[in-house]
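S.K.: Below are the structure tokens for one structure; questions will follow.
Protein chains: 2
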Amino acid sequence: MTAYWGPVVPSRGVLRPVGPHQVRLTGGLWGRRQAVNGTATIEHCASWLDRMGWTGNFTEPNGAMRRGREFSDSEVYKLTEAMCWETARPGGNRHDERLARFTALIAGAQDADGYLHTAYGRPGQPARYRDMNFGHELYCAGHLIQAAVAAERTGAAPGLLQVACRVADHVGEAFADEGFCGHPEVETALVELYRVTGQQRYLDQAAAFVQRRGYKTLPEHEFGWGYFQDAVPVRDGEAFAGHAVRALYLAAGAVDVAVETGDDDLLHAIARQFDRTLARRTYLTGGMGSRHLDESFGEDFVLPSDRAYSETCAAVATVHLAHRLLLATGEMRYGDIVDRVLHNVIATAVADDGQSFFYAHTLHQRIPAPLPPPDHEQLRFGGGGRAPWFEVSCCLNNVARLLASLGTYFVTESDDGVQLHQFAPMRVEAAGLTLDVDTAYPDSGTVTVTVVDAPPEPRTLTLRLPAWAAGADAPEGVFRRVFRPGEQVRVELPMRPRWTFPDPRIDALRGCAAVEVGPLVMCAESIDQEADVRLDELQVDTSVAPEATAVKGRRTRPTDREWPYQSHRITTERPDPVVVPLLPYHRWARRGPSTMRVWLPTT
Amino acid sequence: MTAYWGPVVPSRGVLRPVGPHQVRLTGGLWGRRQAVNGTATIEHCASWLDRMGWTGNFTEPNGAMRRGREFSDSEVYKLTEAMCWETARPGGNRHDERLARFTALIAGAQDADGYLHTAYGRPGQPARYRDMNFGHELYCAGHLIQAAVAAERTGAAPGLLQVACRVADHVGEAFADEGFCGHPEVETALVELYRVTGQQRYLDQAAAFVQRRGYKTLPEHEFGWGYFQDAVPVRDGEAFAGHAVRALYLAAGAVDVAVETGDDDLLHAIARQFDRTLARRTYLTGGMGSRHLDESFGEDFVLPSDRAYSETCAAVATVHLAHRLLLATGEMRYGDIVDRVLHNVIATAVADDGQSFFYAHTLHQRIPAPLPPPDHEQLRFGGGGRAPWFEVSCCLNNVARLLASLGTYFVTESDDGVQLHQFAPMRVEAAGLTLDVDTAYPDSGTVTVTVVDAPPEPRTLTLRLPAWAAGADAPEGVFRRVFRPGEQVRVELPMRPRWTFPDPRIDALRGCAAVEVGPLVMCAESIDQEADVRLDELQVDTSVAPEATAVKGRRTRPTDREWPYQSHRITTERPDPVVVPLLPYHRWARRGPSTMRVWLPTT
């Protein structure tokens, strides 16, 4: 099978994306995750979409009988997109039958004028476009367009592109002069549709949506206009703010518009806001969003471990955004945040069997929360365990589409050569080179690239060197020469466990440290601790170098008092030395109810 | 005028309440606040109730035209209660005309069968009692009953008691066998109605409501059954949990039931839960509720300053609960939390002019939030400034009824004498004694009690000694003798400013200290700091004794980095010594947008 392009194909930029057919993940953490995703997760999601009635909505003649939230159509679209990438990727599982069924369902629900949403405009339903704050109509249109782009680029779902174009044309007519959606998403989708079809009007509409935002023209919201990025014009922001997923989807769309329209001011504005967000509003895991109430970024340095929202969808969106900036600018550093997010949020989000999921990603679980029931959707984001489905199930299908297209985020090419941004066992074909990458990363720092085939001209092979690999013994990551079949390039990344300390302005982390190993954030989980040792009574000794599996510390015995505020500094009585076993954060909560901490108080 | 009883009149207990006529606040902080409340605040609230249509709902014939949230009736009831206490208190302002109008409005909206709620059961409205999670029907009934109790005990609103009894009788019939309200409130109200009328059925119904709770019989909620205290039976809880106001109202009702039915097991269960809540789930200010999302308590030691919800209503409820436990047990220590809550939450909640209000009480304002518009209701809890009204305006009318009846919470009596739990300039008549209390508390620790009149038998005069006054030089607070007119008793409470340190298990406060002076929590507000000194760059030196108006510290200059987590401990570069001016927390946010911290990082 052949797939010529992936999800993001800018018409210009410093680096070029590779198509799904150019990167075959052959094993390791991500090869396994992608394989499970292509079978178990996609089947699981498809089954729940039917069970919840969200596919059935497309053929339900009685509008009042529609089931699910106002954005449930988008889940069908995201899973369609996932199935397209999965069907097309080398070694992927074909989902032709279901793709044909979904395409027919979707096409059948389209109104004569092109409008397509199962929750509005039919008898017994609210009118179209009356609730731009929360209606999610353009959001859903965006996901349909992205699915159609995948369908077109992979050939996996014939007919969907026409449906999407009619939707896009209807959106263009309805929003020719004003208005935009409370939940960004259609912006990036319309640019990609422009890239597929060459129709300038889709790009113009996306640019207009980006431009109109930030003037408080949406109805006032209880969380303020900032919640849906209508408080400040897109290019004037200091850092991403408001609802994290909305902010990041909008930023991705703004980069797309900037690249296609040559609007460097806009591109630099988003790059600057992303930098500031990374410097001040991002968890150690790479997760974003520190408030449960409105699923939003907090102010600078507001990063409480125990209320980390760090929604899975925000992590997916961070990959989307970083990849776009990487392509546009060629700055390899954008791979660092992708690496971090993949290994510490995306890898954490999915159970080993691919059938239960975290929606939010706390960095501090205080009580061993009961696991969600295995056959029941969660009404909210869930607690201490992964759930099979959620009333709002955005994250599941979002991860599915990311994992199915994952290889396209690992590698880029240029006229001159190939850039390896992420490390996994894989076969890469790009810039005339065929490469086999062999590595146990992140369990090992050794990355070996074997040249299988090469042109007679010189090529540059670039491996990203993560920021944590910088220093005196940093390896070299750029190799330029005429490569010969059979020759190898090897990079050794330093995987020594390291203590990590927070910026002193992060109030929530004062007096704490964490352990990292390569891209992995480590944590202490109660199930691994000595009997009777509680995680909220531990202090670790950062004067002793950490090991990958444990650190040294002591157990305190806090005295219970009638009032927890005292006129003297409350010191530890009779601390016992203890060894604190650690494990990678993404492995936590896989062995039953437990407590967990990433950041540990220091002695 | 004469008012014989206040809001809480148990038929048994170690201490007896005084009636509103027995305590006249004559000046000081609370005398001023009560005076402003009785005029400006009550007028302000009444005006907004009309403007928002919440009074109009009682005469609106078209059910579909009803305005406001499902609980807006309760605001009319709470203000009615406030006006009754205000009209009856010594020196209070009469509100007879409005009370008559409100009584007529309320009585006129009652259905033939006794049901009374403007949001349900009429054409165009949902059916009665269909949404026990959120309908707030019994919650509103409870507030109506409390207003009627005030009306009866003060004589200020004739006719209201009959309306309330018919409501209560309807509730008794509708909920004879099962069911209860998602928002507790009717429990404590029904017990007080029993106390007024002697009708056993009201007490039985309240006891049944308390008993039924905790078995997950309300419909599942996205925040879990714990949100509305239906996860664990009332007497089995460890600490208060879920929505803070609901939990505290329920606890007050449970104490009332326990006292009247002689259920000591229930009384001790609530006392134990309150103790644990004070030890682990209460802010330094006495505020309760650490989560914005569900307005709930967090787990033990989850007390983030910047997301303190600490709702004003929770503080009112804490006063209600502590007072009930004080009367039942005679333990003077319950006055400590009332003192703390009054001076640090209630005093903070209301602007000096009595016309704008905090709903939530952050202990750390990170950005100088714009003030709410002066003539517009807040859609949510608000930010850095007090707002004139809220879409959910529970707190305003709740404070109004508390302040109007405040004297009844300050003093109790017994056969043997008088107990002064709170210190304010006031005239007290109890246990045959007439006392003039003179004090500038909390600005001074001197409390002088002058005996105006006294019986020829010995009496015991007891002044509460706060826990912070304990120690080597603690004064004596109990005086027993035959008092003579003109003689004085004086207590000197130590008002030396003191450093306060948190329990090490409060992650959010690690490495921080606060300053307290008597019952006052102090804070640093940006407006008082030296130019260029930012509150998030300060460290204070706890080796130097604090002064009431300032502490010593240093200004750090954190270095901005691309990524806020580093492999070395990030230390302060070039710290400058600074003096950090302080002010009482309840005085903050009265001079325009600012940032503020209660807890300050230490050097």
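Order-wise, the sequence lines are chains A and B. Just so we're aligned: 296 in the numbering used here is position 296 of the first sequence, and the numbers increase by one with no gaps anywhere. Just so we're aligned: 1526 in the numbering used here is position 526 of the second sequence, and the numbers increase by one with no gaps anywhere. From the three backbone atoms N, C-alpha and C, an ideal C-beta is built for every residue, glycine too. Since the model is a prediction, treat every value here as computed from it, not as a measurement.
#1: For Q162 of chain A, is the classification buried or exposed, using 16 other Cβ atoms within 10 angstroms of its Cβ as the cut-off for buried?
#2: Is it the case that the Cβ atoms of F1297 of chain B and S1290 of chain B are separated by a distance below 8 Å?
#3: In chain A, which residues lie with their C-beta within 8 Å of the C-beta of S1567 of chain B?
#4: By Cβ distance below 7 Å, which residues in the same chain neighbour A550 of chain A in space, the five residues on each side in sequence not counted?
#5: According to DSSP, is W499 of chain A part of a helix, a strand, or is it coil?
#6: With DSSP as the reference, label M1001 of chain B as helix, strand or coil.
#7: With a threshold of 16 other CB atoms inside 10 Å of the CB of V1014 of chain B, please say whether the residue is buried or exposed.
#8: Could you check whether the segment 1482-1490 of chain B touches the segment 1261-1273 of chain B, counting it as contact only if at least three pairs of C-beta atoms, one from each stretch, sit closer than 8 Å?
#9: Could you check which residue in B:A1279, B:T1282 and B:L1248 has the C-alpha nearest to that of H1320 of chain B?
#10: Could you check how far apart the C-beta atoms of V1023 of chain B and T1408 of chain B are, in whole angstroms? I think they sit under 8 Å.
#11: Between the segment 1227-1245 of chain B and the segment 1200-1218 of chain B, can you find at least three pairs of beta-carbon atoms closer than 8 Å?
#12: Quick one: does the C-beta of A1360 of chain B sit closer than 7 Å to a heavy atom of the ligand ZN?
#13: Taking Cβ-Cβ distances below 9 Å as the criterion, which residues of the segment 295-317 of chain A are in contact with chain B?
#14: Taking 8 Å as the threshold (beta carbon to beta carbon), is F1390 of chain B in contact with chain A?
#15: What span of residues does the alpha helix (DSSP H) with K1078 of chain B cover, start to end?
#16: Between which two residues does the beta strand (DSSP E) holding T1448 of chain B run?
#17: Using only alpha-carbon positions, find the residue among B:D1294, B:T1329, B:E1220 and B:Y1283 that is nearest to A1271 of chain B.
#18: Check each candidate in A:C181, A:P442 and A:G91 and name the one with the smallest Cα separation from G253 of chain A.
#19: Please say whether L379 of chain A and E995 of chain B have beta carbons closer to each other than 8 Å?
#20: Tell me the residue span of the alpha helix (DSSP H) that contains R1024 of chain B.
#21: In whole angstroms, what is the alpha-carbon distance linking L1160 of chain B and A1107 of chain B?
#22: Under a Cβ-count criterion, where at least 16 other Cβ atoms within 10 Å of its own Cβ denotes burial, should E1152 of chain B be classed as buried or exposed?
#23: Along chain A, in chain order, which residues have C-beta atoms closer than 9 Å to that of I1367 of chain B?
#24: Can you pull the chain A residues whose beta carbon is under 9 Å from the beta carbon of P1601 of chain B, in chain order?
#25: Quick test of your reading: D256 of chain A and T188 of chain A, contact by CB under 8 Å. State the CB separation rounded to the nearest angstrom.
#26: Given a cut-off of 8 Å, decide if V1345 of chain B and G1384 of chain B are closer than it, judged by their beta-carbon atoms.
#27: At a cut of 8 Å, does the segment 432-439 of chain A reach the segment 450-467 of chain A through at least three beta carbon pairs?
#28: Considering only their Cβ atoms, is the gap separating L1535 of chain B from R1555 of chain B smaller than 8 Å?
#29: From the DSSP output, in three-state form, read off P1017 of chain B for me.
#30: Report yes if the CB atom of H1421 of chain B is closer than 8 Å to the CB atom of V1338 of chain B, and no otherwise.
#31: Taking Cβ-Cβ distances shorter than 9 Å, what residues in chain B pair up with R561 of chain A?
#32: Measuring alpha carbon to alpha carbon, tell me which of A:D473, A:K552, A:G19 and A:D560 ends up nearest A524 of chain A.
#33: Any idea if T1412 of chain B is buried or exposed, counting beta-carbon neighbours within 10 angstroms, 16 or more meaning buried?
#34: Under a three-way DSSP split, which group does H1243 of chain B fall into?
#35: Exposed or buried, what is N62 of chain A when buried is set at 16 or more other beta-carbons lying within 10 Å of its beta-carbon?
#36: Please determine, among B:P1123, B:G1335 and B:I1367, the residue with the shortest C-alpha to C-alpha distance to A1589 of chain B.
M.R.: Let me lay it out:
#1: exposed
#2: yes
#3: W468, R498, W499, T500 and F501
#4: V579, V580, P581 and L582
#5: strand
#6: Residue placement at M1001 of chain B is flagged as unreliable, the pLDDT there being 40, under the threshold of 50; a coordinate-derived value is accordingly withheld.
#7: exposed
#8: no
#9: Of B:A1279, B:T1282 and B:L1248, the residue nearest in Cα terms is B:L1248.
#10: Between T1408 of chain B and V1023 of chain B the Cβ distance is about 7 Å, and since that is below 8 Å, they are a contact.
#11: yes
#12: Absent from the structure shown: the ligand ZN. Ligands present: none.
#13: Residues passing the 9 Å Cβ filter: G298, E299, D300, F301, V302, L303, P304, S305, D306 and R307.
#14: no
#15: Element bounds for K1078 of chain B: S1072 to A1088.
#16: T1446 to D1453
#17: B:T1329
#18: A:C181
#19: Outside the displayed range of chain B (1001 to 1603) lies residue 995 of chain B, so it cannot be described from this structure.
#20: R1024 of chain B -> not in any alpha helix (DSSP H); beta strand (DSSP E) instead, spanning V1023 to L1025.
#21: C-alpha separation (whole angstroms): 7 Å.
#22: buried
#23: E299 and D300
#24: P504, D507 and R510
#25: 5 Å
#26: no
#27: yes
#28: no
#29: DSSP places P1017 of chain B within a strand segment (E or B) once states are collapsed to three.
#30: yes
#31: What R561 of chain A touches in chain B: A1279 and D1503.
#32: A:K552
#33: A buried status is given to T1412 of chain B, since no fewer than 16 other beta-carbon atoms sit within 10 Å of its beta-carbon.
#34: strand
#35: exposed
#36: B:I1367
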